[in-house]
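Q:
Number of protein chains: 2
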Amino acid sequence: MRIAVDAMGGDFAPREIVKGAVEASKAMPHDIEIILLGDETAIKTELAANGVSASQRLRIVHTTQVIAMCEPPAQAVRTKRDSSIYRGMELVKTGEADAFLSAGSTGAMVAAAIFVLRRAPGVKRPAIGMVLPTTTGRPVLVLDAGANTDCEEIELEQFAVMGKLYSEAIMNQKDPVVGLLSIGGEDLKGNDVTKRTLERLRANKLITFRGNVEGHDLFEGVTDVVVCDGFVGNVLLKTVESTARAIGHWMKHEFKANPLRLLGALCLKGALRSMKQRMDPELYGGAPLLGVNGTVIITHGASSHKAIFHAIRVSVEAVKNNVTQKISDQLEALANNSTTPPPSR
Amino acid sequence: MRIAVDAMGGDFAPREIVKGAVEASKAMPHDIEIILLGDETAIKTELAANGVSASQRLRIVHTTQVIAMCEPPAQAVRTKRDSSIYRGMELVKTGEADAFLSAGSTGAMVAAAIFVLRRAPGVKRPAIGMVLPTTTGRPVLVLDAGANTDCEEIELEQFAVMGKLYSEAIMNQKDPVVGLLSIGGEDLKGNDVTKRTLERLRANKLITFRGNVEGHDLFEGVTDVVVCDGFVGNVLLKTVESTARAIGHWMKHEFKANPLRLLGALCLKGALRSMKQRMDPELYGGAPLLGVNGTVIITHGASSHKAIFHAIRVSVEAVKNNVTQKISDQLEALANNSTTPPPSR
């Protein structure tokens with residue numbers, strides 16, 4: 001199995017990316033190869049810094065271009081054919097790699113995946129899945145986390161099916177329960193699209209559907225999958241980060257206010273560390289792009305070597321479990337069933 | 346000045362509502378009267394429990410009906426004319442009260458406000474404003490927090506103007522900066538409606554506009570006002586609550602893991618209390634319903650006496666500062682200017 005990794009993507013590339021790849025290469029079975037895409041000289045330098053050199057299990061594919069975070073994605077993908085992102089997708093398309101992951105521009109990753117790999121049969125729009133911890137210990141998958149704004153009900157329905165399959169295959173959830181993100185638990189609550197989507201999800205035989213869920217329910221493990229459009233999903237996930245960061249800020253401020261509190265904070269050092277870990281998005285292995293013909297994982301722009309390590313681990317799982325094929329099959333089935341008229345509006 | 350309070354609305358009504366009203370009555374200048382709406386016997390019992398009886402400064406208006414949280418708002422408002430919510434709005438309409446506040450059904454409050462008080466001249470749809478703390482110490486006003494799903498750009502533009510005026514008048518912000526909630530700081534980011542709204546807000550002379558803001562920026566005080574539709578706003582605010590609650594849950598769990606940590610938590614008791622206070626939504630005095638002909642404040646369903654106390658305080662401020670009239674004037678001006686064609690789509 002071969003996992004392609006964009007060595008040039010993210011705020012701390014290539015240093016953290018290469019470091020994470022080296023760690024993964026050491027930790028994983030010998031039949032797993034990692035392909036680092038990017039500037040060969042820079043990657044070699046980083047490999048050396050980690051005490052290794054390029055090998056069959058840690059190969060370099062030299063690329064000359066980089067897509068920056070701020071570039072308009074579609075244009076960048078069309079014009080930068082020798083960028084690490086474009087070439088990574090090509091490796092997946094030609095079968096030279098089984099999966100591709102990057103901490104680079106999310107927009108460019110989505111655009112390149114659609115452009116090079118194409119949507120899986122039946123899929124209208126691919127979605128980004130994002131895993132969050134819950135207080136029950138069972139993580140929840142939120143999708144779409146930002147690939148598509150302005151979704152129609154058929155798209156949200158596909159997200160529900162893709163989310164269910166990913167939750168089963170990668171998160172080991174038996175018969176995952178799907179919820180539709182809305183502004184109240186009752187069927188009447190929601191906006192125009194969620195109200196129409198609710199009917200479709202109730203009628204969908206491929207999923208176990210719980211109905212509307214709210215922001216309140218997010219961390220309580222009420223459902224295993226939460227479906228929303230990419231605008232709402234992105235706002236939601238950034239709000240979670242923002243809230244956690246603000247609480248951390250206030251905690252630091254309060255915990256330093258006097259010597260007694262400093263002592264208390266010292267006693268709680270381990271507790272604070274394990275809290276941080278519990279909420280650490282890097283442990284969840286990045287966000288899968290679901291609904292394209294290939295396994296694609298997008299990690300946070302600020303990814304450290306640890307995030308890359310876990311993203312490689314998750315990529316391997318996704319390939320092993322054949323998630324991409326399963327999604328195609330089920331969505332094709334869904335598309336074929338949908339030739340009967342959808343529920344009345 | 347007379348503030349009408351729905352004694353029957355909220356999870357802990359009438360007990361907490363009456364208690365909060367009694368506390369406010371004691372703390373406030375003598376020219377401020379509080380009118381409690383609801384079942385007279387129940388209110389009298391609660392007044393007695395707080396060691397007071399009805400008086401000119403703490404009057405009872407007996408009502409016979411209650412609108413439950415789960416009732417479809419529009420229908421409830423049309424049929425329950427002797428409910429505390431409907432009667433409260435009537436008191437504002439007739440001038441017998443200067444403001445009305447309730448911890449009851451948000452939907453019913455919005456419906457009753459529109460039905461009885463009517464939209465302010467020029468206002469398309471009223472919005473609920475919600476105040477959040479930030480790490481800079483300057484709170485931020487998010488609107489709409491849930492009155493309207495599926496907003497058009499002209500509505501979001503009106504929210505921006507209403508938010509600016511409220512921030513100035515009640516939050517004492519000089520020249521408040523307005524941001525549009527989106528999924529990235531760049532102008533290209535957003536959904537169809539936010540992209541169209543961005544152009545309008547840039548062209549709007551009544552506000553100081555910063556451009557797109559993200560969920561990431563929420564607690565960092567990047568802007569004083571954050572504009573979004575009520576679906577997104579509601580998801581956002583519930584996500585903040587949910588995240589804070591989950592962190593609290595994990596903290597408790599970790600802090601009890603061993604005796605050393607228990608000792609640490611003991612040393613930090615004061616710090617944890619003041620953190621909780623810092624984030625306590627009850628201190629912010631409820632959410633104003635902006636854009637109707639009258640001062641209306643909606644508080645959390647789980648409001649305690651403290652929330653009611655602060656909501657009464659904020660109501661008094663809003664009346665004193667003539668917020669309702671200011672909003673009408675400016676939105677009328679905006680509506681008149683908008684007879685020129687809006688920027689091209």
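If you're matching them up, the sequences are chains A and B in order. Heads up: the first sequence is residues 1 to 345, going by the working numbering. Heads up: the second sequence is residues 346 to 690, going by the working numbering. Note that beta-carbon positions come from the ideal geometry of N, C-alpha and C, so glycine has one too.
Pick out whichever of A/Ala108, A/Val232 and A/Ala112 has its Cα sitting closest to the Cα of A/Val142.
A: A/Val142 has its Cα closest to that of A/Val232, out of A/Ala108, A/Val232 and A/Ala112.
Q: Just tell me which of B/Asp562, B/His561 and B/Asp569 has its CA closest to the CA of B/Phe554.
A: Comparing Cα positions, the closest option is B/Asp569.
Q: Out of B/Ser398, B/Val567, B/Ala444 and B/Leu533, state which residue places its alpha-carbon closest to the alpha-carbon of B/Ala656.
A: When only C-alpha atoms are compared, the closest one is B/Ala444.
Q: For a test of the three-state rule: what should DSSP assign to B/Arg347, helix, strand or coil?
A: Correct three-state label for B/Arg347: strand.
Q: Within the continuous beta strand (DSSP E) that includes B/Glu378, where are the two ends?
A: Taken as a continuous stretch (DSSP letters only), the beta strand (DSSP E) holding B/Glu378 covers Glu378 to Gly383.
Q: For A/Ile183, tell me which candidate among A/Gly211, A/Ile3 and A/His249 has the shortest Cα-Cα distance.
A: Out of A/Gly211, A/Ile3 and A/His249, A/Gly211 has the C-alpha closest to the C-alpha of A/Ile183.
Q: Where do the N-terminal and C-terminal ends of the alpha helix (DSSP H) with A/Pro259 fall, by residue?
A: Where A/Pro259 is concerned, the enclosing alpha helix (DSSP H) stretches over Pro259 to Cys267.
Q: Tell me whether B/Gly449 is buried or exposed, calling it buried when 16 or more other Cβ atoms sit within 10 Å of its Cβ.
A: Per the 10 Å Cβ criterion, buried.
Q: Thinking B/Ile388 and B/Val363 are a contact (beta carbons under 8 angstroms), I'd like their distance in whole angstroms, please.
A: The pair is a contact, with the Cβ atoms about 6 angstroms apart (cut-off 8 angstroms).
Q: Ordered along the chain, which non-local residues of its own chain (more than five positions away) have a Cβ less than 6 angstroms from that of B/Arg470?
A: Here the set comprises Asn493 and Glu500.
Q: So, do the segment 152-167 of chain A and the segment 299-313 of chain A have three or more beta carbon pairs nearer to each other than 8 angstroms?
A: The segment 152-167 of chain A is not in contact with the segment 299-313 of chain A.
Q: Drop a sphere of 10 angstroms on the beta-carbon of B/Pro521, count the other beta-carbons inside from all chains shown, and report buried for 16 or more, exposed for fewer.
A: It counts as buried.
Q: Classify A/Ala246 as buried or exposed, calling it buried when 16 or more other Cβ atoms lie within 10 Å of its own Cβ.
A: Flag for A/Ala246 reads buried.
Q: Taking CB distances under 8 angstroms as the criterion, tell me whether B/Leu525 reaches chain C.
A: No chain C is part of this structure, whose protein chains are labelled A and B.
Q: Using only the alpha-carbon positions, how far apart do B/Arg464 and B/Asp674 sit?
A: Their backbone Cα atoms lie some 13 angstroms apart in a straight line.
Q: Report the residues of the segment 248-267 of chain A with a CB closer than 8 angstroms to any CB of chain B, ordered along the chain.
A: Those residues of the segment 248-267 of chain A that come within reach of chain B (Cβ to Cβ, closer than 8 angstroms) are His249, Trp250, Met251, Glu254, Phe255, Ala257, Leu260, Arg261, Leu263, Gly264, Ala265, Leu266 and Cys267.
Q: Buried or exposed: which applies to B/Thr588, given that a residue is buried once 16 or more other Cβ atoms fall within 10 Å of its Cβ?
A: So B/Thr588 counts as buried.
Q: Cβ of A/Ile308 less than 8 angstroms from any chain B Cβ?
A: For A/Ile308, the answer is no, since every Cβ of chain B falls outside 8 angstroms of its Cβ.
Q: What is the DSSP secondary structure of A/Ser102, reduced to helix, strand or coil?
A: Strand.
Q: Starting from B/Ser619, find everything on chain A with Cβ-Cβ shorter than 8 angstroms and list it in chain order.
A: Simply Glu254.
Q: Give the interface partners of A/Ala271 over in chain B, defined as CB-CB distance under 8 angstroms, in chain order.
A: In chain order: Met596, Glu599, Phe600, Ala602, Arg606 and Gly609.
Q: Helix, strand or coil: which one does DSSP assign to B/Pro626?
A: Three-state DSSP puts B/Pro626 in a helix.
Q: What do you reckon, are the CB atoms on B/Leu582 and B/Val571 nearer than 8 angstroms?
A: Contact: no.
Q: Cα-Cα, which of B/Ala616, B/Gly575, B/Leu676 and B/Pro626 is closest to B/Thr479?
A: Nearest of B/Ala616, B/Gly575, B/Leu676 and B/Pro626 to B/Thr479, Cα basis: B/Pro626.
Q: State the start and end residues of the unbroken alpha helix (DSSP H) segment that holds A/Thr223.
A: That residue, A/Thr223, is in no alpha helix (DSSP H); it is neither H nor E in DSSP.
Q: Does B/Gln420 come out as helix, strand or coil in the three-state DSSP assignment?
A: Here B/Gln420 sits in helix by DSSP.
Q: For B/Ala589, return the contacting residues in chain A, with the cut-off set at a CB-CB distance below 7 angstroms.
A: Going along chain A in sequence order, the residues near B/Ala589 (Cβ under 7 angstroms) are Thr243 and Ile247.
Q: What first and last residue would you give for the alpha helix (DSSP H) that runs through A/Gly247?
A: At residue 247 of chain A the sequence reads Ile, which differs from the Gly that was named. A/Ile247 -> alpha helix (DSSP H) spans Gly230 to Phe255.
Q: What number of angstroms, rounded off, separates the C-alpha of B/Asn517 from the C-alpha of A/Val131?
A: If you take the alpha carbons of B/Asn517 and A/Val131, they lie about 40 angstroms apart.
Q: Applying a beta-carbon distance threshold of less than 9 angstroms, which residues of chain A neighbour B/Asn557?
A: By Cβ distance, chain A contributes nothing, its closest Cβ being about 11 angstroms from B/Asn557, past 9 angstroms.
Q: Does B/Gly639 come out as helix, strand or coil in the three-state DSSP assignment?
A: B/Gly639: coil per DSSP, three-state reduction.
Q: Is it right to say B/Gly415 is buried, meaning 16 or more other beta carbons lie within 10 angstroms of its own, or is it exposed?
A: Sequence inspection shows Cys at residue 415 of chain B; the Gly mentioned does not correspond to that position. Classification of B/Cys415: exposed, given that the 10 Å Cβ count is below 16.
Q: Would a check of beta-carbon distances place A/Asn172 closer than 8 angstroms to chain B?
A: A/Asn172 does not count as touching chain B.
Q: I'd like to know whether the C-beta of B/Phe504 is nearer than 8 angstroms to at least one C-beta of chain A.
A: Answer no: the Cβ-Cβ gap between B/Phe504 and chain A never drops below 8 angstroms.
Q: Quick one: what's B/Gly440 bridged to in DSSP?
A: Looking at the DSSP assignment, B/Gly440 forms no beta bridge with any residue, so it has no partner.
Q: If you check the beta carbons only, do B/Leu525 and A/Phe255 fall under 8 angstroms apart?
A: Not a contact, by the Cβ cut-off of 8 angstroms.
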